[in-house]
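Presented below is the structure to which this report refers.
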Amino acid sequence: MVDYQAKKEFLASFLASKEIILGGCLAIILAASFLILPWLLKGDPYQTSLNIFTPPNKEYLLGTNDVGQDILAGLLLGGQNSLKVAVGVGILSTCLAVGFGVLAALVGGRLDTFIMRMIDIILVIPNIFIIILVSAYLKPSLGLEIILISLLTWLGGARVIRAQVLSLKERTHVYAAILFGANLAYIFFRHILPELIPLVLSIFLQGARRAIFMEAALGFLGIVDPNVISWGTMINQSLNFFYLDVWRWWLLPTAGALSLSLISLTLIGRGLEETFISNSERRSKIATDQ
Amino acid sequence: MLQINNYHLSYGKKKVLRGIDLVVNKGETLALVGESGAGKTSLGLSIGGLIGRESEPANQAKVQTQGQIIFQGKDILHLSAEELQELRWSKISFVFQNVSNTLNPVLTIWEQVSEPYSSHHLGTRRQAREQARIMLDKVAFPSAKINHYPHQLSGGELQRALIAMALINKPEVLILDEPTASLDPITRQELVQLLSRITKDCAVLLITHDLSVASALSKRTAVLYKGKILEEGPTDKVLQTPHHPYMRALLRSYPHMHSSKDIQSINLNLKEPAEGCVFFPRCTQALPICQTTAPPVLEFKLTVLSANAKEELDFFGQNGSSKVACHRGGIVPYLVVHRLSKSYGPEFSLREVSFMVFEGETVALVGQSGSGKSTIAKLIMGLEKPDQGNILYEEQKTPFPRSQEFLQKVQLIFQNPYDAVSPRLTIKEIIQEPLLIQKIGTQEEKNAKAIQALADVGLPTEDRFLHSYPSSLSGGELQRVAIARALILEPKLLIADEPTSALDALVQAKIIKLLMGLQEQRGLGMLFITHDIALARKIADRILVIQNGEIVEQGLAWEVTSNPKHPFTKQLLAAASVF
Amino acid sequence: MRKKKIITYLAALGFILILNFLLPRLLPGDPFMAIYGEEAALSLSEAAKEELRAKMNLDKSLIAQFKVYLLTLAKGDLGYSYALNQPVRTVISKVLPWTLLLVGSALILSTLIGLILGIESGWRRGTRADRWILLTVVGLSALPNFLIGILLLLFFAVQLGWFPLGGAVTPYSGFTGTAYLLDVFKHLFLPLLALTLAQVPRSYLLTRASVLGNLSYPYVRTAAAKGLKPLQIRYKHVGRNSLLPISASLGVSVGSALAGSLFIEIVFSYPGMGSLIHQAIAQRDYPLLQGILLVIALTVILANLATDILASKIDPRIRKE
Ligand code: SF4
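Chains U, X and L supply the protein sequences, listed in that same order.
For the first sequence, the numbering used here assigns the number 1 to the initial residue and increments by one for each residue that follows.
For the second sequence, the numbering used here assigns the number 291 to the initial residue and increments by one for each residue that follows.
For the third sequence, the numbering used here assigns the number 870 to the initial residue and increments by one for each residue that follows.
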């Protein structure tokens, strides 16, 4: 991936994947509407009113809820919050994953064993349970939520990164570089990092996806800061009124927004994996085909 | 029993096989040899109808076939899936190359060996197990390990299991795909013996890159290169006196105990041939037509026979016994010396000397001084006229005096380099002399050619050297100059008359390497005249032993030197330096 | 290898225990409330509170507290739910069978479906059928499990009314025998469907990837050359091998199914551990919450252990000697 031609091919293969294009467009549209629409619509999601359970009308495009709050405004604010959590967790957990993964692989020895064993141990219990337990006590705010989720989602990524770095370290071209007198930094930046990029992207996406899911799940369970508007909370509240028709404009749009966000990220991740894998497969095929 | 007619296979745009014709009869083993990537395995799989079917459902569309693979009157390429299933293993079975996971890692050996028996309804499961045990015993598979999983077995044991599995349904056609690859030599030996014992009743197609296995197991051999069969004939002949330049190259590159010459390669021009001969990019005897038209498959024929017709046919192969896909009918005999006689008074005469020198081949003419070696060189070059007999160049009689064309194509290198160049001329003048004489090229072209020729023989190309005189050069350098001079006309045949006997051993080694390299690149034929049979053994493909004007023995270099027949040859060998 | 795993599991158990122990004690505010829950803090008399404090060494060092904590647990005492006025163990043991029923049957179903779908679609890789299955399942995998549950609930129970809205049995119906079983099944159907749908992607994707890997192995060609029927090749040869990764990750599946059941039970008010957690959170019944999570953790660890043993039974390459 060092030379220009290969880079171009790499980018082209990104765009060749329908999943990536579809998911990418979806993600961009969603994010843009969460960021821009609140400016245009000027609804206040917190403002209660006496118009409870209003069906969609000109003033309330998606109607109101049980205490007369504007559902669309809540939906958009929830989207913003989800976006924040997604990006926050994505960045934080990716940094942790890459940092610890590379550290373990490059330093090796006891440090490696220690990091890996810790990860093994924490991963035994599905981390949703740990988050529930901690959140039940803390009722975390958005920031705390990001930290909590990140702390538990980087583990898998670190494992993958470490494995990849280890295998890259064993490649002949790395040995060749060492024999030409390259130092560790050179090898990392020139021979290892470029090969990690697709992996890092997919870890970021994974983190963002899980963050959105967890945020919704915690809201659904009612163990987040009650002042934060979240899709999960909205779904949970609306579920109490499923015998009324309100779920049509309360629950369904929220569920739809949540699903679409998750689907867009899943699609990108999936496409990435496929191009990434087929790329390396193709490479190895060329090697064996002669 | 199995007949393949003009079979083409391509995978997408990639042509894998380009018109294969083969017949394998019952009780016969045909070896298919070739390098990796030649298409050997694809051909084997095609016979089982295994190309792009079960294992590649999505890519089936990319597979295109043409031609026929006929087994028992039916074309395998047009069988339905069910018919194929029926055919596989009950009639046609495989011994696959034993790479990791050729056998299913989670099923026991017993289960896998017995599976074809029961799934083809030849018996109950219990009978299948019984049969499997019998087969495994037959191939000397250790019975204690019958319930083991593949990862618990050694390579040899796995191979035995694969053989037992292949034979359990008593197939009529057996395809052995590299049956001994990745085994140690001793196990390989055992397995080769086992295979030759056990495959007697089948029609066997042996796919291998290992020529020794081909020679041990097969009577006939076909040579595959880039999806095309280039030569097919009796195995012993194909492996000794191949007729296609590719097979000769393959043989020369293969380190085996039956050769004394150094291993040699061939031009590494791997450009994909568009049309025409697949070997064209690497061929040193190509004609213009080779590039555009695929060569016909010709029966091998020695059109010009020397004195001992019968002997030569025995040696090179009977006419019609082999088939060669080449416009030139195989490796061209550049020089044919036919019953050459010449006498100089009563005390010496040359009597009925006959031999051939093929394209790209080194023939050593070994004898004592005064045996007539140099006379032969002179007669060939037309410096003297024979009393009797003919000299043919590229199958044409040579006129006397020799034509200009002949003198371009055939060059002589002399024994004594000091004598062979004029001390009055500069190096440049010496080298350009043939061009001057033949009136070839402008002065600029001549200069360029001179520089190229010097570079070819590893001499400096600077002006200072070009303008120096022979007196400042050593013997080795002078001989290089002489060779450069001979090469400048791009000859096809070199007659080298003791070219190194005046040189030190170290210098001689350099010159010899140089000549061998030139041969590899340009397909130079070479008649190497020497008194040193040890040297002849290292450089020659074939050796002619001459005594008192008569050729007393000839044959492959390793054979003549390791198993001499004539007392004089024995004498020569005994006198050769052994340290 | 085996030993290393066991140590990891023990450490994981220790990790959960320490988390359980430390969380309420290190948080700002009154640890009593964090340990015994809101109900206890509100309704118990001062004397009773003092007694509990003394019993759990709450005024002593953390080490001393931890000792008592472990000792109590060792006796099988998971604490007392003051909100429900029952020992936590009793509460859990009442709801556990429902969760096990739901999770167990969902696991079996989703593994089977995922396996078959994965083998069939991997076998047809690159074809249209494969692509559609893949796309559908990937889409499904993107949905949070509670959303799947909600959608099923709204459509089949609320709109169509084919299934009950919640619960595990019809209350006060007095059904017995077959009628009872039918009733249970009717209540189980939608949650089971939701959980199965949520779990299928895991086993499907795993199987498909493994089938793809296995198809490139030469043993598949060997099997085809032997004239085996496609069904035999797919299920006996490829299937056997593709079973390995799935069985090896069964422990993880148990964990994710339990997590899924938690949300789906809430959606369907199915009286299992999930609903119980929901209730405990709402009532700040911390002893109950802690007890449930501990039981879940223990279940997951045991499942992992069982999986390792199973995997070594199935894969001859792990089974050394
Ligand atoms: S001479 Fe024969 S082998 Fe050489 S390119 Fe022509 S056809 Fe091919």
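Cβ atoms here follow ideal geometry from the backbone N, Cα and C, with glycine treated the same way.
Note down, in chain order, every chain U residue with its Cβ under 8 Å from the Cβ of residue i.
| i | result |
| --- | --- |
| G1036(L) | Within 8 Å Cβ-Cβ: nothing; G1036(L) doesn't reach chain U, min ~15 Å. |
Where does residue i fall in DSSP's three states?
| i | result |
| --- | --- |
| L947(L) | coil |
| A830(X) | coil |
| A1172(L) | helix |
| I819(X) | strand |
| Q290(U) | Because Q290(U) sits at a pLDDT of 25, beneath the cut-off of 50, its placement in the model cannot be relied upon, and the point is left open. |
| S1042(L) | coil |
| F1032(L) | coil |
| G983(L) | helix |
| S433(X) | helix |
| G309(X) | strand |
| S631(X) | strand |
| E856(X) | Note on residue identity: the sequence assigns His, not Glu, to residue 856(X). Here H856(X) sits in coil by DSSP. |
| R378(X) | strand |
| A456(X) | helix |
| I1002(L) | helix |
| E344(X) | With a pLDDT of 46 at E344(X), under the threshold of 50, the predicted position of this residue should be treated as unreliable, though the coordinate-derived value follows. In this structure, E344(X) counts as coil in the three-state DSSP scheme. |
| I115(U) | helix |
| K304(X) | strand |
| N1110(L) | helix |
Where do the ends of the alpha helix (DSSP H) carrying residue i lie?
| i | result |
| --- | --- |
| N889(L) | 871-895 |
| I235(U) | 231-239 |
| P578(X) | 578-582 |
| G99(U) | 71-107 |
| P707(X) | 707-710 |
| K428(X) | 415-428 |
| M902(L) | 900-912 |
With a threshold of 16 other CB atoms inside 10 Å of the CB of residue i, please say whether the residue is buried or exposed.
| i | result |
| --- | --- |
| F114(U) | exposed |
| D552(X) | exposed |
| A738(X) | exposed |
| R754(X) | exposed |
| L495(X) | buried |
| I36(U) | exposed |
| V89(U) | buried |
| W250(U) | buried |
| S345(X) | Its pLDDT being 48, under 50, S345(X) is placed unreliably in this model, and the coordinates cannot settle the point. |
Determine the chain U residues that contact residue i at a beta-carbon separation under 9 Å, and present them in chain order.
| i | result |
| --- | --- |
| Y878(L) | I121, V124 |
Taking C-beta pairs closer than 7 Å, name the residues in chain L that residue i reaches, listed in chain order.
| i | result |
| --- | --- |
| R378(X) | A1094, K1095, G1096 |
| V134(U) | L892 |
Report yes if the CB atom of residue i is closer than 8 Å to the CB atom of residue j, and no otherwise.
| i | j | result |
| --- | --- | --- |
| L464(X) | S336(X) | no |
| S758(X) | T716(X) | yes |
| F431(X) | A454(X) | yes |
| E649(X) | I621(X) | yes |
| L272(U) | P198(U) | yes |
| T574(X) | P532(X) | no |
| A506(X) | T498(X) | no |
For a contact meaning CB atoms closer than 8 Å, what does residue i contact in chain X?
| i | result |
| --- | --- |
| H1106(L) | N394, L397 |
| T1091(L) | F384, F386, T392, L393, N394 |
| R1109(L) | N394, V396, L397 |
So which residues on chain L does residue i lean against when the C-beta distance must stay under 9 Å?
| i | result |
| --- | --- |
| Y301(X) | Those do not exist, as Y301(X) stays about 15 Å from chain L at its closest Cβ, beyond 9 Å. |
| G78(U) | In chain order: nothing, as chain L lies at least about 14 Å away. |
| G222(U) | H1147, I1150, A1151 |
Let me check you understand the geometry: is the CB of residue i closer than 7 Å to at least one non-hydrogen atom of ligand 3?
| i | result |
| --- | --- |
| F648(X) | In the structure on display, ligand 3 does not appear, and the ligands it does have are ligand 1. |
From what residue to what residue does the beta strand (DSSP E) around residue i run?
| i | result |
| --- | --- |
| Y683(X) | 678-683 |
So which residues of chain L does residue i contact, with C-beta pairs closer than 8 Å?
| i | result |
| --- | --- |
| H368(X) | None at all; the shortest Cβ gap to chain L is about 18 Å. |
| Y439(X) | P1185, R1186 |
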